[in-house]
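2 protein chains.
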Amino acid sequence: MARRGSPRNSGESDLDARKATILEAVVAEHIDTAQPVGSTAVAQHADLGVSPATVRNEMVSLEREGYLAQPHTSAGRIPTDKGYRYFVDHLQSGELGSAQQFQLRDFFTGVRGEVEDVLERTSALLAQLSGYTSVVVGTTATHATILSVQLVNLERRHQLLVTVFSDGTVLKHSVVTTDDIDYATCVEASQQLNALLVGTTLESRVQVPSRSDSSSLLIAEAVAVLHAERPTREDEKVFIGGASKVAEVFDSVETVRQVLSILEEELLVVSLVEDMLDRGVSVAIGSEHGYAPLSSTAVVVAPIHVDGVAAGAVGLIGPTRMKYQEVMAAATAVSKNLAQHLEGSAGGD
Amino acid sequence: MARRGSPRNSGESDLDARKATILEAVVAEHIDTAQPVGSTAVAQHADLGVSPATVRNEMVSLEREGYLAQPHTSAGRIPTDKGYRYFVDHLQSGELGSAQQFQLRDFFTGVRGEVEDVLERTSALLAQLSGYTSVVVGTTATHATILSVQLVNLERRHQLLVTVFSDGTVLKHSVVTTDDIDYATCVEASQQLNALLVGTTLESRVQVPSRSDSSSLLIAEAVAVLHAERPTREDEKVFIGGASKVAEVFDSVETVRQVLSILEEELLVVSLVEDMLDRGVSVAIGSEHGYAPLSSTAVVVAPIHVDGVAAGAVGLIGPTRMKYQEVMAAATAVSKNLAQHLEGSAGGD
DNA sequence: TGCTAGCACTCGATTCTACCGAGTGCTAGC
DNA sequence: GCTAGCACTCGGTAGAATCGAGTGCTAGCA
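Going down the list, the sequences are from chains D and E.
Just so you know, we're using my numbering here: the first sequence kicks off at 10 and counts up by one.
Just so you know, we're using my numbering here: the second sequence kicks off at 10 and counts up by one.
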């Protein structure tokens with residue numbers, strides 16, 4: 010179902026040079042005009058010294074092989090998902106326009122603030138650069154070690170557990186106790202928690218001394234609450250940028266609705282992106298990603314690697330006839346710059 | 010420009026009983042059907058024993074007075090913004106449907122977690138209850154007192170300042186120093202910061218001892234960074250719920266785009282809502298709120314009062330022909346329940 | 001064998017016309 | 001003051017005619 014950069018079975022997936030040129034011309038033209046592309050247009054545009062009639066013959070063949078489709082008998086051809094796939098697989102990677110490069114550099118030299126803010130604004134930037142709706146998924150590294158743990162007494166039975174990680178992440182959790190907790194106990198518990206947890210990660214298991222004085226109960230509860238955080242994907246933050254672009258690039262209100270409601274479900278977005286990363290796919294066209302409501306869209310992702318480990322991804326979503334070259338260039342460039350920025354300032358600047 | 014609940018000049022704004030009935034019938038019918046409303050429909054529906062012809066005469070008069078408009082000569086009437094305004098002003102406040110009441114109760118008894126999460130999910134709930142896109146603006150109370158301040162050493166010159174407030178808010182700020190800071194200095198500074206700041210609010214000014222050892226410099230820097238937070242509106246968090254509803258309730262893609270791009274601008278949303286609260290307006294119809302791109306929409310807001318002080322608002326945005334009664338009921342009910350919830354558990358549960 | 005010119009054909013899109021009917025405004029009469 | 005009646009308006013719909021882009025096929029040429 011999903012194809013990668015390299016062709017799978019050369020018999021079908023490799024076209025002879027002329028067919029390839031024609032296919033690419035059709036895709037390029039269609040991306041540009043959003044209209045079915047006729048044989049004459051192709052013959053003119055892609056200058057292989059050949060008449061429209063010949064092009065037509067080739068197109069029939071391309072249609073039989075599933076790369077092109079005809080909306081109706083007397084119209085031009087439009088690419089199928091398979092056609093786009095071929096196009097994307099044979100795309101030489103493009104460069105970002107110089108104005109955009111400048112904008113990008115400008116943004117990342119100027120940007121400061123907490124990670125979350127940076128991610129949010131990066132998302133907006135990417136949307137603006139690419140012209141499509143963007144997604145930035147930030148994985149709060151579960152590998153990060155704990156730098157500090159602190160219990161703060163909010164009310165008699167409400168404690169707030171504030172944990173600071175080595176990557177600058179701060180998590181807060183409520184800890185509710187059955188007994189009232191006084192200030193001294195809280196401080197005491199904080200100290201013990203620090204001794205217990207600093208240097209560990211959320212993935213490590215720690216031995217909690219099981220006495221039953223109120224301080225120990227509090228500590229046990231706090232550790233439990235903190236470790237409950239781990240297993241789910243929920244600690245991945247999603248930032249959507251340029252949601253209004255959805256209404257620009259799709260012309261059917263129904264599609265707009267569907268895409269928006271997918272984007273509303275953070276978990277869905279995260280798993281879509283992660284799935285693609287897991288499979289090593291950077292572009293998913295049409296139904297390739299397996300999310301039915303998005304079958305008329307294409308998704309482009311680029312991973313973010315901070316110090317060699319996966320730290321999330323940036324993504325773009327648009328119609329299948331999106332400007333792949335530019336979009337992929339934008340996504341890659343942004344993800345690289347973002348990664349660099351995150352490496353440069355561990356957790357904020 | 011903006012009207013309130015009470016009529017302004019009774020000469021124009023108060024209609025005689027029959028006209029009022031007719032106007033209300035037109036509005037109600039139009040909200041229901043989205044079609045221009047004819048005299049016959051009104052005569053049947055609003056049962057004042059009167060013929061369509063009479064209704065027609067009244068409608069001409071209502072049109073002259075600006076309450077109704079005719080899309081074209083031989084069509085029925087649709088309400089103008091002024092017509093909707095009259096309708097809303099004379100609406101007796103409705104009750105939430107019992108199923109929805111149940112859903113609401115269910116939600117708020119079951120909900121737990123950090124404030125941000127609650128607000129986010131409340132926003133989704135409100136969207137679902139009302140059928141329109143919702144906005145929840147949470148003001149992180151600048152009146153809250155500081156419970157704890159802590160500096161954590163991220164890297165040599167990167168400190169993370171973690172501040173916990175009495176309402177459960179946790180803020181983090183990066184503090185960058187020119188000198189390397191060792192662990193001991195960091196702890197030392199934390200203690201002094203605590204002594205200095207605990208019990209104060211972001212609004213109070215504190216005297217920072219101005220010695221020039223590295224610890225004192227660090228402290229001064231930390232206080233400066235923290236207080237820099239105050240003046241803007243940026244500490245108000247905005248949660249949008251049901252963004253995809255925009256594509257359901259507006260039928261022009263262009264309107265969808267405009268509304269979405271407004272919603273993208275958090276600051277705009279906040280000031281829109283705050284402006285309405287300041288003016289004591291709960292419904293803004295058409296151009297009443299003064300945001301041109303939203304001139305074909307209506308906005309309904311309800312303030313959130315926690316322990317008597319303003320703590321934000323919930324809002325809904327839809328077409329001017331939205332179901333005001335239900336929507337206002339939903340907004341009020343949700344804001345009340347949310348306020349109660351926030352009072353019940355100061356900053357977490 | 002491969003390419004191309006020529007040509008009949010298809011079928012969506014556009015335009016035009018006729019027409020229907022919902023709804024109006026007006027007038028005359030109760 | 002209300003209403004029945006009626007001529008009138010005008011958007012929406014349906015059908016016919018037309019247009020034209022683009023096809024598929026065939027025959028002929030290199």
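By construction, the Cβ of each residue, glycine as well, lies at the ideal position given by its N, Cα and C atoms.
Just so you know, these numbers come straight off a predicted model, no measurement behind them.
Within 9 Å (strictly less), CB to CB, does residue i reach chain E?
| i | result |
| --- | --- |
| arginine 242/D | Low confidence applies here, because arginine 242/D scores a pLDDT of 41, under 50, leaving its location unreliable; read the following figure in that light. Judged by the 9 Å Cβ criterion, arginine 242/D is not in contact with chain E. |
| valine 173/D | yes |
| serine 221/D | no |
| histidine 350/D | no |
| aspartate 236/D | In the sequence on display, residue 236/D carries histidine and not aspartate. Not an interface residue. |
| aspartate 284/D | no |
| glycine 251/D | yes |
| aspartate 5/D | In the structure as shown, chain D starts at 10 and stops at 358, and residue 5/D therefore has no counterpart that could be examined. |
| alanine 231/D | no |
Would you list the one or two residues that DSSP bridges to residue i?
| i | result |
| --- | --- |
| isoleucine 271/D | Answer by DSSP bridge pairing: none, since isoleucine 271/D is not bridged. |
| valine 144/E | Ile249/E and Gly324/E |
| threonine 306/E | Pro328/E |
| isoleucine 228/E | Note: isoleucine 228/E sits in no beta bridge, so no partner. |
| alanine 319/D | His314/D |
| valine 292/E | Val309/E |
| isoleucine 31/E | For isoleucine 31/E, which the question treats as bridged, DSSP gives no partner whatsoever. |
| arginine 121/E | Answer is none; arginine 121/E lacks a bridge partner. |
| arginine 94/D | Beta-bridge pairing links arginine 94/D to no other residue. |
| arginine 86/D | Val46/D |
Check for me: the beta strand (DSSP E) holding residue i runs from which residue to which?
| i | result |
| --- | --- |
| serine 183/D | 179-185 |
| valine 158/D | 155-162 |
| alanine 62/E | Taken as a continuous stretch (DSSP letters only), alanine 62/E belongs to no beta strand (DSSP E), being part of the alpha helix (DSSP H) at 61-73. |
With 9 Å as the threshold, decide whether the Cβ of residue i is near any Cβ in chain D.
| i | result |
| --- | --- |
| lysine 246/E | no |
| glutamine 267/E | yes |
| asparagine 203/E | no |
| glutamine 159/E | yes |
| arginine 121/E | yes |
| histidine 39/E | no |
| glycine 177/E | yes |
| serine 270/E | yes |
| valine 59/E | no |
| histidine 182/E | yes |
Once DSSP output is grouped into helix, strand and coil, what is the label at residue i?
| i | result |
| --- | --- |
| histidine 81/D | coil |
| glutamine 44/D | coil |
| serine 219/D | coil |
| threonine 131/D | helix |
| glycine 356/E | For glycine 356/E, the pLDDT reaches just 42, beneath the cut-off of 50, and the residue's location in the model is therefore unreliable, although a value from the coordinates is still provided. DSSP places glycine 356/E in coil when its eight states are reduced to three. |
| phenylalanine 259/D | coil |
| glutamine 137/E | helix |
| leucine 170/D | strand |
| tyrosine 114/E | Reading off the sequence shown, one finds arginine at residue 114/E, where the question assumed tyrosine. Reduced to three states, the DSSP call for arginine 114/E is helix. |
| serine 199/E | helix |
| serine 384/D | As displayed, chain D neither begins before 10 nor continues past 358, which places residue 384/D out of reach and without an answer. |
| arginine 165/D | coil |
| aspartate 284/E | helix |
| arginine 242/D | A caution first: arginine 242/D carries a pLDDT of 41, below 50, which makes its placement in the model too unreliable to give a value. |
| valine 207/D | coil |
Please tell me whether residue i and residue j are closer than 9 Å, where the distance is taken between their beta carbons.
| i | j | result |
| --- | --- | --- |
| leucine 269/E | valine 255/E | yes |
| alanine 338/D | valine 323/D | no |
| glycine 85/E | serine 60/E | no |
| leucine 234/E | valine 184/E | The displayed chain sequence assigns valine, not leucine, to residue 234/E. In contact: valine 234/E and valine 184/E (Cβ atoms closer than 9 Å). |
| glycine 103/D | glutamate 335/D | yes |
| valine 161/D | valine 171/D | yes |
| valine 279/D | valine 310/D | no |
| threonine 210/E | histidine 167/E | no |
| valine 343/D | phenylalanine 248/D | no |
| glycine 327/E | glycine 147/E | no |
| serine 139/D | serine 132/D | no |
| alanine 229/D | serine 213/D | no |
| isoleucine 40/D | alanine 55/D | no |
Within the continuous alpha helix (DSSP H) that includes residue i, where are the two ends?
| i | result |
| --- | --- |
| glutamine 349/E | 333-353 |
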